[in-house]
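A.B. asks:
Numbering (the working numbering), first residue to last: 93 to 376.
1) Give a yes or no on contact between the region 332-339 and the region 177-193, applying the rule of three or more CB pairs nearer than 8 Å.
2) Do residue 246 and residue 200 have their beta-carbon atoms positioned less than 7 Å apart in this structure?
3) Could you pull the start and end residues of the alpha helix (DSSP H) that residue 141 belongs to?
4) Taking only beta-carbon positions, decide if residue 329 is within less than 7 Å of chain C.
5) Return the CA-CA distance between residue 222 and residue 192, expressed in angstroms with no decimal places.
6) Measure the Cβ-Cβ separation of residue 234 and residue 375 and say whether it is below 7 Å.
7) Report the rounded CA-to-CA distance for residue 356 versus residue 112, giving the unit in angstroms.
8) From which residue to which residue does the beta strand (DSSP E) around residue 115 run?
9) Which complete beta strand (DSSP E) runs does the region 213-272 hold, if anything under 3 residues is left out?
10) Taking 7 Å as the limit between beta carbons, can you name the residues of its chain near residue 341, skipping five residues before and five after?
11) With DSSP collapsed to three states, give me the class of residue 179.
12) Does the beta-carbon of residue 329 have 16 or more other beta-carbons within 10 angstroms, so that it is buried, or is it exposed?
13) If you measure between the beta carbons of residue 150 and residue 220, is that distance less than 7 Å?
14) So, helix, strand or coil for residue 208, using DSSP?
15) With a threshold of 8 Å on Cβ separation, who are the neighbours of residue 275 within its own chain once the five nearest residues in sequence on each side are excluded?
16) What does DSSP give as the partner residues of residue 370 in its beta bridges?
17) Assign residue 276 to one of three DSSP states: helix, strand, or coil.
18) With distances taken between CB atoms, is the gap from residue 216 to residue 156 smaller than 7 Å?
19) Indicate the three-state DSSP secondary structure (helix, strand or coil) for residue 188 in the structure shown.
20) Leaving out five residues before and five after residue 237 in sequence, what residues of the same chain have Cβ atoms less than 6 Å from its Cβ?
21) With a threshold of 16 other CB atoms inside 10 Å of the CB of residue 318, please say whether the residue is buried or exposed.
22) At the level of alpha carbons, what is the spacing between residue 264 and residue 339?
23) Note down the Cα distance separating residue 145 from residue 289, rounded to an integer number of angstroms.
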């Protein structure tokens, strides 16, 4: 687009700026949102870009898979070079591609922070404590993990979402000792046994329930040593990235026909330093 002249005005009390870019009949929306303002019930910030021509999400064939799955996909390899260049042009020099979805006519890329050779593990969803009351009220005001999502259709970028851009302000220790894998594996099996074991409901002694509403098979297809953002105890909203083991996969009951399931649900996250279980729902 040609260089535009514009002025952003503070209209009072607003926590976002919305812009529309025109190129003849082509329209693109740009939104900058800062939720961390007085009166807001959530924290963080977002950048959105969406092509007005974007329709419903392209039907996905592969969901949340490792980019290496497309090593022989020339279309993907060529497009990825363009997307990497786009990320670099946005001056985002600390993120790398973590996971990819493939549709019938395009791809969706998810980038996360990399520090000291480790990525901040991306998870589409997770098992964890709900942070909402039954009426939808936010119980815990959390600065959720950062990611950069870029969606394409037939080689054209249709959507960008940059969630919670952040800076690392201090490194406590850049060389820590982590637990032996055998300890981590043992801890994982204990936690999965707990998650899959039915327990009596408090109001129905004759009934049993578990985390999963119905019988299913859980597939773990990605075990990753990476970073997880956690909330520091008794802090005023301080967060740290700590090394964790994340066990990610899918629930057979939630996979549509004709879709290659990838690493869609993080079932267990283990602190790689002490073996404690991280609840991604409350971020500690």
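Every residue, glycine too, gets a C-beta built ideally from N, C-alpha and C.
C.D. replies: Quick look at the numbers:
1) Using a C-beta cut-off of 8 Å, the region 332-339 makes no contact with the region 177-193, since fewer than three inter-stretch Cβ pairs fall below that distance.
2) If you check the CB distance, residue 200 and residue 246 do not come in under 7 Å.
3) Run containing residue 141: none in the alpha helix (DSSP H); it sits in the beta strand (DSSP E), 137-143.
4) Note that chain C does not occur in the displayed structure, where there is just one protein chain.
5) Cα-Cα distance, rounded: 26 Å.
6) Inclusion of residue 234 and residue 375 in the CB contact set at 7 Å is warranted, their separation being smaller than that value.
7) Distance between the alpha carbons of residue 356 and residue 112: 33 Å.
8) Element bounds for residue 115: 108-115.
9) Whole beta strand (DSSP E) segments, 3+ residues: 239-245, 248-255.
10) The answer, listed in chain order, is 310, 311, 312, 313, 314, 355, 357, 359.
11) In this structure, DSSP gives residue 179 a helical state, which the three-state scheme calls helix.
12) Burial state of residue 329 is exposed, judged by a 10 Å Cβ sphere holding fewer than 16 other Cβ atoms.
13) Taking 7 Å as the cut-off, the Cβ atoms of residue 150 and residue 220 do not count as close.
14) For residue 208, the three-state secondary structure derived from DSSP is coil.
15) Excluding positions up to five away in sequence, the list reads 367.
16) Per the DSSP secondary-structure output, residue 370 pairs with nothing in a beta bridge.
17) When secondary structure is reduced to three states using DSSP, residue 276 falls in the helix class.
18) The answer is yes: Cβ separation under 7 Å.
19) In this structure, residue 188 counts as strand in the three-state DSSP scheme.
20) Apart from the 5 residues on each side of it in sequence, residue 237 sits with its Cβ closer than 6 Å to the Cβ of 321 in its chain, given in chain order.
21) The C-beta of residue 318 has 16 or more other C-beta atoms within 10 Å across all chains shown, which makes the residue buried.
22) Approximately 26 Å, taken between the alpha carbons.
23) Spanning the two alpha carbons is a distance of roughly 47 Å.
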